[in-house]
Structures are given as C-alpha cells and as structure tokens.
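Here you go:
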C-alpha cells in the first residue's frame, strides 16, 4: 500500500466515473462503446462532437478534459441517444450532470451566464425586456403584463429566496452575494 | 356549470407570454370553444428550462420547478401547458420527486422557507395530451363539421419537438418515440394532410442552451429541417412548442441570412401553432386565433408572414 502515492488516490477520487457513480448514474459502467448515441446525434451530424467519445472519456476519468470542453454544451438535449442506447445508459441525463460539474468548476458559456442573470433578476429566462412585448400582448387581447413573476413582486421574491437558498446565486455568480470574512474576502 | 367540465391550471412559461403571445391567445380561445376551463397560475416563473437551467444545477431546477407545481396544487388542479420545454421540466421534476425521497426532502426544506410544500397532487399535461386523450380526436373532428363549410386543404409539415415525446418512459404515448402519429391524427381533423418528410423527428436545434451559446450550430439543424420540409412541398409548418416555433419562424430569417451561400434560395414557409390551425378548422375568427399581425409593431413575431397561407384557404387579411 505504501507504493501507492497519495496523488494517485486523489486523482482516483476526482475521477469522473466515480463522481457519476456517487450521483447515482451507475449505468455509465455498462457502456460498450457501440456508437448508437453518436449515430443518432443531430449535433454530431454537423460538428466533430462525438457522444461515444464523450462517454469513453468519462469512463477513462478524464475529468478536466471533459468538463472544460465547450463541446459538452453542443447537445441540444433531444434525447435520441438516451432512447436508443441498447445498454440503458441515460446518456442525455449524464451529459446534463456533467454540465453541473462543469459549472461547479466555473466553466459556463457567456450567453448562459446572461440567461442566469435574467432568471435571477426577473424569474424568467426570457423576460419582457422591452415595451413592445407588452403592446404585442395587448394586440392579441391579453393582459399587457402576464400573470407570472412579472405581475406579482411577492412571487418574484419567492423565486429569488429559493435561488439564494440553493446557492444558485453564488454558483453562477449572478446574485448580490457578498463574500463573508471566513471565505477569505 | 356541469360537474364534468374539464378545468386545468394554465402554465405559461417564458417564450409564450413574453414573445409568442398569440399562442396563449389562440389556445385560450380554442379551449373556451371546447368548453375546457383554464385558470391562471398567478406568480409562476420560468419552469426552469430542462436542458439549459437543469444543466447549471439540477437541485435548483428541482426546487424552482416544484414551486411552480405547488401553485397548481393550491388551486387543486392539474397543469395544462403549451410548451415542450415546460412539459419536459415539470413532468420530470414531478417524476423525480415522486420517486426519490432524498430529493423530495431537499426540495421541501428549501420550499419551507417560502411557506410552500410539494405534495405531488397535480399532474402535468401537454395541451396535445389533453385534446388527444381526454377530449378525443373524434369529438374534435365533429366540432369541425359545424365550423367551416369546406375542410381546409393545406399540406402540413408537423414538427413534434423532442421533449413532447422523449424520454418516452414517463410520457403518455405508449413508449413510442421513433415514429409517433398522435399529433398527425390530431391536426388532420382539420382536413389538411400531414406530410411525411425526411428526418421529420429531427430536433429544431434550439434546445439545451445551443441556440443561446452556439447559434450557427443550432440554425444548421433548422436549415436541414427547412430543406426537408420544402422538398416535401409544405404550405405551413405546425408546431407544438413556442421555442421550436421561434426557431422555425425567426430562425428562418436567420438561416436565410447566415447560410445564404449554402441554401438554394431564401425559405419562406409560414409557421402556425397547432391550436391556431384547429381554431381555423372550427371556423373561428382569425383574429381570435392571433393570426392577424400587429400593423404597427416592429421586430415582433410572426417573422414569416402568414398572409399567403391564409389567402390559400380563402381568408383575406390586410397588410
């Protein structure tokens, strides 16, 4: 046992396949690299993104390589791979969880950050941000302000309370979070 | 009011109320015509989106989704929704919380801070699911008989949208995701023909945050869909989701622009949400169905004019 250097053990603990196993995505071990996922992938049809390769890298535990790659965000979550996987790997769900791990490490696309900010500030990912949208609603004989968080400030506060409670504001950096002293400023 | 009158809580989401509001208008009109009551879910937020927000943080997605569901639970109603993304999110949030006690505990601990609790009493229904399973194709077909004098005669390119049918194990379509036909059956009551076209079930390209972060990639999906729809001779594209609708309408203008060297000519296929088509088949006024464009607002949908398709079925509109 002494021959096993601690850094190897650390690397092993940070291994993606372990992280996925801990989160309950056990099926990733069943992947036989058949390529059905790549075969049906509409993103792979027009880019170099290969779902099978992604699954292989996950099995090999190439954490940093997988999570820092922008191709992780090429999936449009059409679920074709998940439906067709002959080994029952929930491929799309695995990709979504990998994205969570990427965001935890600070890997987020700039337009997605803007989306988070809009959501945090309005309760909508796509909010009414120009008066023309209110006027358009009126044209279609609807209340110019929809009965959502846009109309009810209390509801919006509820959403923001929850986003603070889950730590979404800190995770994505969109909140009015002020670092505490014990965080080292 | 008869005791058996159907009643649902209407979840709006983001793209419908804040961009494609004619979908809200048309669906409310058609449901009223079918004597189905829709109650507003006051204070609802973004669902949140199943690909993109779920990709940021699954737990936050569960908590916000659960809060939305509790609004319907307070009303004592099941949820009706018009967006495949909202459908995917709320359906899967509910499924997770019904089956994972740890996640349920986590979610309710957060919800307790705003005085709410997820109970799991409200079911999540896409409006297509309600019309197809609860009302039934036959009854809707009958409704068209005392609507228009002659059946509509258009060639439709249907776009189901991914999250309407997949993952299939928790959806009400008999586990069928490869070649479902329920949406074709529903819209064909109008007398129109739903076309078979190559890769009919291909994604529109908008979902999963791809449109937001990699627009050209997302529009390349759309370009391929539009080419296949054109080859099949489509008069109009019919959607079941506002985000697919946006991608196929506004996206058409964008495809014409960024792929102008790659395509044989600009695309110009009008796009309708399916309740607009049903309403026309019932003989309803195009204005009630949100089919008349605002004369003075600029930069608002529909970006591809509907006038040619309305003209084809004998409806003259100004502008």
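Chains as they are written, first to last, in the numbering used here: chain A, 3 to 187; chain B, 217 to 535. Just so it is clear, CB atoms sit at the ideal spot from N, CA and C, and this is done for glycine as well.
Taking residue i as the query, report the chain B residues whose CB atoms sit under 7 Å from its CB, ordered along the chain.
i	result
residue 81 of chain A	378, 382, 383
residue 38 of chain A	Residues of chain B passing the Cβ test: none, with the nearest at roughly 13 Å.
residue 113 of chain A	428, 429
Starting from residue i, trace the beta strand (DSSP E) in both directions and tell me its first and last residue.
i	result
residue 533 of chain B	No beta strand (DSSP E) contains residue 533 of chain B, which DSSP labels as neither H nor E.
residue 365 of chain B	First-last for residue 365 of chain B: undefined, no H or E at that position.
Residue i touches chain B at which residues, Cβ-Cβ below 8 Å?
i	result
residue 20 of chain A	Residues of chain B passing the Cβ test: none, with the nearest at roughly 18 Å.
How would you write the range of the alpha helix (DSSP H) that residue i sits in, first residue to last?
i	result
residue 269 of chain B	268 to 272
residue 158 of chain A	155 to 167
residue 108 of chain A	Looking at the DSSP string, residue 108 of chain A is not in any alpha helix (DSSP H), and its letter there is neither H nor E.
residue 241 of chain B	237 to 249
residue 398 of chain B	398 to 403
residue 141 of chain A	133 to 141
residue 415 of chain B	Note, residue 415 of chain B: premise wrong, no alpha helix (DSSP H); not H, not E.
residue 319 of chain B	317 to 328
So which of the options has the shortest CA-CA distance to residue i?
i	options	result
residue 515 of chain B	B:498, B:439, B:391, B:465	B:465
residue 62 of chain A	A:92, A:30, A:36, A:70	A:30
residue 140 of chain A	B:477, B:360, B:235, B:348	B:235
residue 333 of chain B	B:272, B:341, B:322	B:322
residue 478 of chain B	B:436, B:502, B:453, B:490	B:436
residue 522 of chain B	B:512, B:502, B:513	B:502
residue 174 of chain A	A:132, A:101, A:67	A:101
residue 525 of chain B	B:352, B:408, B:393	B:408
residue 291 of chain B	B:423, B:329, B:254	B:254
residue 126 of chain A	B:308, B:331, B:498, B:277	B:277
residue 424 of chain B	A:73, A:163, A:169	A:73
residue 472 of chain B	B:519, B:335, B:427	B:519
residue 447 of chain B	B:426, B:427, B:416, B:475	B:416
residue 97 of chain A	A:115, A:78, A:114	A:78
residue 159 of chain A	B:329, B:511, B:390	B:329
residue 309 of chain B	B:483, B:296, B:488, B:285	B:285
residue 406 of chain B	B:293, B:481, B:439, B:529	B:529
Bridge partners for residue i per DSSP, in chain order?
i	result
residue 409 of chain B	B:371
residue 296 of chain B	B:226, B:341
residue 489 of chain B	B:455
residue 254 of chain B	B:224
residue 150 of chain A	B:260
Can you pull the chain A residues whose beta carbon is under 7 Å from the beta carbon of residue i, in chain order?
i	result
residue 418 of chain B	44
residue 237 of chain B	138, 139, 142, 144
Report the neighbours of residue i on chain A: residues whose CB is nearer than 8 Å to its CB, in chain order.
i	result
residue 403 of chain B	Near residue 403 of chain B there are no residues of chain A at all, since even the closest Cβ is about 22 Å away, more than 8 Å.
Measuring from the CB of residue i, is there a heavy atom of the ligand GDP at a distance below 7 Å?
i	result
residue 115 of chain A	The ligand content of the structure shown is nil, which means the ligand GDP is not present either.
Applying a beta-carbon distance threshold of less than 9 Å, which residues of chain B neighbour residue i?
i	result
residue 48 of chain A	433, 436, 437, 440
residue 84 of chain A	382, 383
List the residues of chain A whose Cβ lies closer than 9 Å to the Cβ of residue i, in chain order.
i	result
residue 234 of chain B	126, 128, 129, 130, 131, 135, 139, 148, 150, 152
With three or more C-beta pairs closer than 8 Å as the rule, is the segment 506 to 519 of chain B touching the segment 233 to 250 of chain B? yes
How do the segment 250 to 268 of chain B and the segment 222 to 231 of chain B stand: do at least 3 beta-carbon pairs fall below 8 Å, yes or no? yes
Could you tell me whether the segment 401 to 412 of chain B touches the segment 485 to 496 of chain B, where touching means 3 or more Cβ pairs closer than 8 Å? yes
Are the segment 376 to 383 of chain B and the segment 76 to 87 of chain A touching by the rule of at least three beta carbon pairs closer than 8 Å? yes
Are the segment 452 to 469 of chain B and the segment 100 to 112 of chain A in contact at 8 Å, needing three or more beta carbon pairs? no
Check whether the segment 116 to 132 of chain A touches the segment 439 to 457 of chain B, counting contact only when three or more Cβ pairs, one atom from each stretch, lie closer than 8 Å. no
Counting Cβ pairs closer than 8 Å, one from the segment 296 to 310 of chain B and one from the segment 327 to 343 of chain B, do we hit at least three? yes
Okay, do the segment 427 to 436 of chain B and the segment 352 to 368 of chain B touch, 3+ Cβ pairs below 8 Å being the bar? no
Hey, is the segment 305 to 314 of chain B in contact with the segment 358 to 367 of chain B, meaning 3+ C-beta pairs nearer than 8 Å? no
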